[in-house]
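Here the sequence shown stands for residues 182 to 370, numbered as in our numbering.
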Amino acid sequence: MSSSYVKIIRIFSYALRFVNVKKSNVIVSGPLCASESDQAENRLIWMVQGEVFSAEIQNLQCQKSVLPNSTLRNLNPFLDSDGVLRVGGRLGNSDLPYVAKYPAILPNRHKLTNQIIVYFHLKNLHIGASSLLHCVRERFWPLSGRYLCRKIVYECIVCFKARPIVTSQLMGNLPRDRVVLIIPLIALV
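Here is the structure:
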């Protein structure tokens with residue numbers, strides 16, 4: 182199991198850099214900067230959300246709310262300035278970074294969501310499912326996140342090798358003194 186999430190972000194960052202160079206005719210060279218990687222990540226999430234949550238995004242753009250039968254209704258979603266669908270909450274006044282206050286919503290059955298979870302699993306040295314979910318939810322909110330994290334940890338070969346099957350040792354026969362009834366000496370007098 183290897184994470185290609187970083188590779189996807191890096192390739193997409195270079196593609197966005199190429200598009201920006203062609204638009205502005207300003208040549209940018211050298212390694213990628215953090216803002217370019219963040220922009221590429223936001224654009225990828227925006228594309229995935231547009232593919233999966235198109236009805237919810239359309240409702241949010243028109244009515245500022247999602248339909249009552251939507252799977253995202255309990256998350257109180259909103260669209261940020263980049264058009265990314267994020268979880269609304271009560272942490273607006275906290276000192277947390279914006280992505281921690283309002284994590285981006287990820288679909289449960291998408292390859293990018295799996296790649297993100299695998300990336301966090303490998304980055305944090307094969308942590309368990311509940312800790313993995315906590316790390317992922319610091320930046321993203323995958324739907325059915327607990328199930329996805331358990332699945333990733335269960336399918337990880339390294340974690341499988343570190344989780345051996347515990348066997349119980351068969352106990353020997355009990356000594357004769359413990360299983361045979363012996364009359365105490367006081368009863369004989």
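Beta carbons: idealized from backbone N, C-alpha and C, even for Gly.
Values in this document were obtained by computation on a predicted structure and should not be read as measured data.
Under a three-way DSSP split, which group does residue i fall into?
| i | result |
| --- | --- |
| Ala-196 | helix |
| Phe-234 | coil |
| Ile-363 | coil |
| Leu-351 | coil |
| Val-268 | strand |
| Ile-208 | coil |
| Glu-285 | According to the sequence displayed, residue 285 carries Ala and not Glu. Strand at Ala-285. |
| Leu-293 | helix |
| Leu-248 | coil |
| Leu-376 | With the chain covering only 182 through 370, there is no way to say anything about residue 376. |
| Leu-253 | coil |
| Cys-303 | Per the sequence presented here, residue 303 reads as Leu, with Cys not at that position. Three-state DSSP puts Leu-303 in a helix. |
I'd like the list of long-range same chain contacts for residue i, defined as Cβ closer than 8 Å, with 5 residues on each side in sequence excluded.
| i | result |
| --- | --- |
| Leu-313 | Ile-298, Phe-301, His-302, Asn-305, Cys-330, Ile-333 and Val-334 |
| Asn-240 | Ser-246, Val-247, Leu-248 and Ser-251 |
Looking only at its chain, what residues have a beta carbon closer than 7 Å to the beta carbon of residue i, apart from the 5 residues adjacent to it on each side?
| i | result |
| --- | --- |
| Leu-272 | Lys-282 |
| Asn-223 | Asp-263 and Val-265 |
What residue from the options has the CA that sits closest to residue i's CA?
| i | options | result |
| --- | --- | --- |
| Gln-376 | Ser-216, Ser-210, Ser-205 and His-291 | Because residue 376 is not part of the residues shown, which for the chain are 182 to 370, the question remains open. |
| Leu-225 | Arg-191, Gly-211 and Ser-311 | Arg-191 |
| Ile-308 | Ala-285, Leu-287, Arg-344 and Ile-286 | Arg-344 |
| Leu-293 | Glu-232, Leu-355, Ile-367 and Asn-257 | Glu-232 |
| Val-280 | Arg-318, Pro-249 and Asn-257 | Arg-318 |
| Pro-258 | Pro-278, Ser-325 and Glu-237 | Glu-237 |
| Tyr-328 | Phe-341, Ala-310 and Cys-337 | Ala-310 |
Determine the direct distance from the alpha carbon of residue j to that of residue i, and round the result to whole angstroms.
| i | j | result |
| --- | --- | --- |
| Arg-267 | Phe-321 | 9 Å |
| Met-228 | Asn-289 | 15 Å |
| Ser-185 | Ser-218 | 14 Å |
| Thr-252 | Val-200 | 35 Å |
| Leu-260 | Gly-269 | 9 Å |
| Val-339 | Arg-254 | 37 Å |
| Ser-216 | Ala-285 | 17 Å |
| Ile-364 | Arg-357 | 14 Å |
| Phe-193 | Ser-349 | 52 Å |
| Ile-189 | Val-202 | 20 Å |
Using a Cβ-Cβ cutoff of less than 6 Å, which residues in the same chain neighbour residue i once the five nearest sequence positions on both sides are dropped?
| i | result |
| --- | --- |
| Cys-316 | Phe-301 and Asn-305 |
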